[in-house]
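What follows is a set of notes on a single structure, which appears directly below.
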Amino acid sequence: MLRNSLKHYLGTYDKYVSEPTFLALIFKPNKYEGNTYQTPFGDLSPCGEQQVTRPGPLLPFNSLSLLGFNFTNTLCQFDHYHFHISLSSPSSSSSSSSLISTFEHTSFHEKSRMKFMKIGTKPDTFYTQEASRILITDTPNDLVIRINNTTYHLHRSCLVPKCGLLRRLCTDLEESDTVTIELNDIPGGADAFELCAKFCYDITINLSAHNLVNALCASKFLRMSDSVDKGNLLPKLEAFFHSCILQGWKDSIVTLQSTTKLPEWCENLGIVRKCIDSIVEKILTPTSEVSWSHTYTRPGYAKRQHHSVPRDWWTEDISDLDLDLFRCVITAARSTFTLPPQLIGEALHVYTCRWLPYFKSNSHSGFSVKENEAALERHRRLVNTVVNMIPADKGSVSEGFLLRLVSIASYVRASLTTKTELIRKSSLQLEEATLEDLLLPSHSSSHLHRYDTDLVATVLESFLMLWRRQSSAHLSSNNTQLLHSIRKVAKLIDSYLQAVAQDVHMPVSKFVSLSEAVPDIARQSHDRLYKAINIFLKVHPEISKEEKKRLCRSLDCQKLSAQVRAHAVKNERMPLRTVVQALFFDQESGSKGASSRSESQELFTRGKETPTDEHSMMHKLHLGPASTGKAKNVLEEGCKRGEEKTRSSTDPKKIVWKGTGSEHKHHISRDR
1 MLRNSLKHYL GTYDKYVSEP TFLALIFKPN KYEGNTYQTP FGDLSPCGEQ QVTRPGPLLP
61 FNSLSLLGFN FTNTLCQFDH YHFHISLSSP SSSSSSSSLI STFEHTSFHE KSRMKFMKIG
121 TKPDTFYTQE ASRILITDTP NDLVIRINNT TYHLHRSCLV PKCGLLRRLC TDLEESDTVT
181 IELNDIPGGA DAFELCAKFC YDITINLSAH NLVNALCASK FLRMSDSVDK GNLLPKLEAF
241 FHSCILQGWK DSIVTLQSTT KLPEWCENLG IVRKCIDSIV EKILTPTSEV SWSHTYTRPG
301 YAKRQHHSVP RDWWTEDISD LDLDLFRCVI TAARSTFTLP PQLIGEALHV YTCRWLPYFK
361 SNSHSGFSVK ENEAALERHR RLVNTVVNMI PADKGSVSEG FLLRLVSIAS YVRASLTTKT
421 ELIRKSSLQL EEATLEDLLL PSHSSSHLHR YDTDLVATVL ESFLMLWRRQ SSAHLSSNNT
481 QLLHSIRKVA KLIDSYLQAV AQDVHMPVSK FVSLSEAVPD IARQSHDRLY KAINIFLKVH
541 PEISKEEKKR LCRSLDCQKL SAQVRAHAVK NERMPLRTVV QALFFDQESG SKGASSRSES
601 QELFTRGKET PTDEHSMMHK LHLGPASTGK AKNVLEEGCK RGEEKTRSST DPKKIVWKGT
661 GSEHKHHISR DR
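Numbering-wise, UniProt numbering puts 509 at position 509 of the sequence shown, and it's gapless, one number per residue.
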């Protein structure tokens with residue numbers, strides 16, 4: 001690995017190859033046993049002749065040479081090892097000084113640190129006086145550099161030989177003159193210029209992924225290339241960028257993020273593209289080969305012992321990127337057609353949770369904070385971008401993720417196209433939703449109720465449109481799956497109705513609209529719907545008789561279980577018509593045949609041609625005078641909740657409701 005990295009680093013200077021070059025490594029502390037040096041890169045054996053001034057194992061690089069370069073001594077770090085890399089020509093005279101290379105190498109493993117490079121040997125002698133930066137020296141300054149509000153008092157003899165731009169500007173000036181130059185447009189500003197100036201004075205500077213981009217762009221602006229002076233700053237920075245930064249995972253991400261301050265410069269220099277390519281290459285690396293440090297903070301993951309790297313190990317680190325850079329990385333990764341859509345979806349989920357403060361919680365309190373327009377615009381742009389990046393594959397993201405995005409899209413006033421696309425995607429996976437996914441907060445200032453039932457109704461409507469279209473297009477052999485799908489959604493909606501019924505501010509109209517939206521074929525049993533209606537009546541005792549009738553309009557007593565019908569007969573909250581229906585079907589279940597059931601279904605289902613009073617009811621049932629009197633007594637007893645047969649066979653106090661929304665499980669007792 002070390003040889004390959006050095007070859008990559010030295011490959012920049014292949015055009016200067018003239019004779020064999022030898023490499024000497026000096027490690028502190030050194031462990032020397034026999035004829036080998038024990039190093040972090042394995043045991044290295046000395047080879048060739050000791051042609052260098054310092055001891056160490058010699059590795060020949062016969063195709064590489066750095067003759068003609070004046071490199072600054074560089075101290076590099078690998079965990080607790082410190083080493084220098086020295087390059088020298090074996091044929092050079094004894095008086096020739098060794099060439100010192102600025103190379104730092106860190107092995108890619110989980111405990112590795114981010115890379116850095118230290119250039120220069122002298123201490124920092126810059127100090128600030130008012131708005132000026134001055135160098136402590138006995139030599140009078142003759143070069144004044146002004147960058148916005150900062151003034152540097154420097155020396156032409158140090159900067160001009162290494163800066164092609166300053167050399168051109170000072171060409172026609174007398175050496176005795178003090179030159180004042182304004183560099184307000186230098187990329188990176190005063191901080192980046194100071195790094196370059198310190199290099200010219202051989203003052204120690206520390207470079208890493210955090211400041212490399214500014215230094216690169218500033219040195220390019222000042223024309224600090226090798227054509228101006230051998231061993232100049234720009235080639236050193238480029239070598240460090242290619243050989244170290246791009247080889248590291250977090251180094252590449254931090255460097256890419258820092259390009260947002262100088263987007264045009266970084267695009268022109270190819271920094272953005274190279275960082276993205278490096279990141280994507282590592283994302284596509286098989287998990288068995290991932291050995292570099294990464295961030296992974298999933299709940300409970302740290303407590304478990306893991307023998308392999310998770311497939312989505314990379315999602316948290318790239319979530320630190322700016323939105324546009326994140327989009328570029330995801331787009332580049334998708335263009336390889338290697339990553340499964342579920343991994344892309346997970347990356348979008350992690351990024352959304354990272355940058356939308358109220359995304360993780362479904363609590364309505366998440367929308368209580370009044371945000372300024374700038375924040376809303378930022379979040380609106382994020383939602384629009386993320387939605388456009390969701391893979392078309394069904395199941396690439398969870399239904400809960402889609403539904404929360406729909407809710408937030410409404411809150412941040414996302415584009416109509418975005419909301420329409422989200423609703424369409426949500427409806428495709430509605431059967432996969434849980435009750436918690438549907439409990440989305442209402443953020444309308446005109447509504448007092450807690451939950452956004454309008455949003456759920458819209459998604460349900462889109463689902464039903466798609467379901468009807470598929471039902472008419474598919475053959476009968478595929479209808480079983482469609483029927484299973486809509487029945488699963490019906491159970492989910494009934495559980496949702498049970499939850500929203502507990503909201504004291506929930507309007508009757510919204511509850512009824514949502515309950516009636518579910519087709520008859522979708523509900524095999526009306527037990528869950530009955531429970532939802534009963535909860536609503538209990539929480540809203542003030543509603544009128546007409547509103548009670550509207551609530552029960554979608555309730556089919558024939559689809560109630562025996563226990564639930566027995567409870568309905570004795571339920572004082574239910575309207576009389578519903579009680580009579582429940583009583584009738586409760587008695588019919590044991591005494592009537594199929595024909596009677598058909599007649600009763602026509603009579604009572606969904607209120608079609610249902611009589612408005614008990615006299616019409618008994619007339620429709622074709623009861624004689626004796627039977628009529630008996631029926632009246634039965635009705636009276638049923639209305640008084642005193643029928644002994646039903647009471648003895650089923651005790652309503654022992655009825656336990658277990659719906660899809662098990663969190664709302666409770667005992668329903670008879671109210672007297």
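A virtual CB, placed ideally from N, CA and C, is assigned to each residue, including glycine.
Under three-state DSSP, which class holds residue i?
i: Tyr496; result: helix
i: Arg146; result: strand
i: Leu207; result: strand
i: Tyr358; result: coil
i: Met117; result: strand
i: His242; result: helix
i: Thr315; result: helix
i: Thr74; result: Caution applies to Thr74, whose pLDDT of 34 falls short of 50 and renders its modelled position unreliable; the value that the coordinates give is listed next. In this structure, Thr74 counts as coil in the three-state DSSP scheme.
i: Tyr296; result: coil
i: Thr139; result: coil
i: Ser398; result: coil
i: Thr128; result: strand
i: Lys122; result: strand
i: Arg523; result: coil
i: Arg404; result: helix
i: Arg327; result: helix
Measuring alpha carbon to alpha carbon, tell me which residue in the options is nearest residue i.
i: Ala568; options: Ser589, Lys531, Ser554; result: Lys531
i: Ser525; options: Lys548, Val504, Arg487; result: Arg487
i: Asp138; options: Val144, Thr453, Thr128, Leu154; result: Leu154
i: Asn184; options: His210, Phe199, Phe221; result: Phe221
i: residue 686; options: Lys394, Ala409, Cys266; result: There is simply no residue 686 to check, as the chain begins at 1 and stops at 672 in what is shown.
i: Gln247; options: Thr151, Glu194, Lys115; result: Lys115
i: Thr178; options: Lys162, Ile145, Cys200, Tyr201; result: Ile145
i: Leu348; options: Leu430, Trp314, Phe337; result: Trp314
i: Ser462; options: Thr480, Ser442, Lys425; result: Lys425
i: Asp251; options: Ile276, Ser495, Gln502; result: Ile276
i: Asp229; options: Pro187, Arg550, Cys158; result: Cys158
i: Thr331; options: Glu289, Ile279, Tyr152, Thr352; result: Ile279
i: residue 674; options: Arg523, Cys266, Phe511; result: What the structure shows of the chain is the stretch from 1 to 672, and residue 674 is not part of that stretch, so it cannot be assessed.
i: Thr352; options: Thr453, Val387, Gln342, Ser335; result: Val387
i: residue 673; options: Tyr152, Asp312, Ser513, Glu175; result: Since the first residue shown for the chain is 1 and the last is 672, residue 673 is missing from the structure and cannot be characterised.
i: Ala437; options: Leu448, Ser444, His443, Asp452; result: Ala is not the amino acid found at residue 437; the sequence shown has Asp there. Of the candidates Leu448, Ser444, His443, Asp452, the one whose C-alpha sits nearest the C-alpha of Asp437 is Asp452.
i: His505; options: Gln587, Thr255, His449, Lys198; result: His449
i: Val290; options: Trp249, His242, Trp355, Pro391; result: Trp249
i: Val564; options: Leu551, Arg550, Val579; result: Val579
i: Ala392; options: Glu264, Phe536, Phe241, Gln429; result: Gln429
i: Leu262; options: Leu212, Ser227, Ser308, Arg298; result: Leu212
i: Glu516; options: Ala457, Pro123, Ile203; result: Ala457
Are there 16 or more other CB atoms within 10 angstroms of the CB of residue i, so buried, or fewer, so exposed?
i: Tyr411; result: buried
i: Met574; result: buried
i: Tyr358; result: buried
i: residue 694; result: Residue 694 cannot be examined here, being either before or after the span of the chain that is shown, 1 to 672.
i: residue 673; result: The displayed coordinates of the chain run from 1 to 672. Any statement about residue 673 would go beyond what the structure contains.
i: Gly270; result: exposed
i: Leu497; result: buried
i: Asp191; result: exposed
i: Ser554; result: buried
i: Arg311; result: exposed
i: Tyr152; result: buried
i: Glu194; result: buried
i: Ile245; result: buried
i: Ala239; result: buried
i: Leu416; result: exposed
What do you reckon, are the CB atoms on residue i and residue j nearer than 8 Å?
i: Arg404; j: Leu323; result: no
i: Leu173; j: Arg223; result: no
i: residue 673; j: Leu237; result: As shown, the chain starts at 1 and ends at 672. That puts residue 673 outside it, with no answer to give.
i: residue 687; j: Lys491; result: The first residue shown for the chain is 1 and the last is 672, placing residue 687 beyond what the model contains.
i: Arg334; j: Ile318; result: no
i: Glu316; j: Thr295; result: yes
i: Ser471; j: Leu482; result: yes
i: Thr338; j: Leu284; result: yes
i: Thr434; j: Gly395; result: no
At a threshold of 7 Å, does residue i count as lining the ligand SAH (C-beta to nearest heavy atom)?
i: Pro263; result: Ligands displayed in this structure: none; no statement on the ligand SAH is therefore possible.
Contiguous alpha helix (DSSP H) assignments of at least 4 residues, all confined to the segment 143-203: 156-159, 164-169, 189-200, all fully within the segment 143-203.
May I have a chain-ordered list of the beta strand (DSSP E) segments no shorter than 3 residues that lie completely inside the segment 409-445? none
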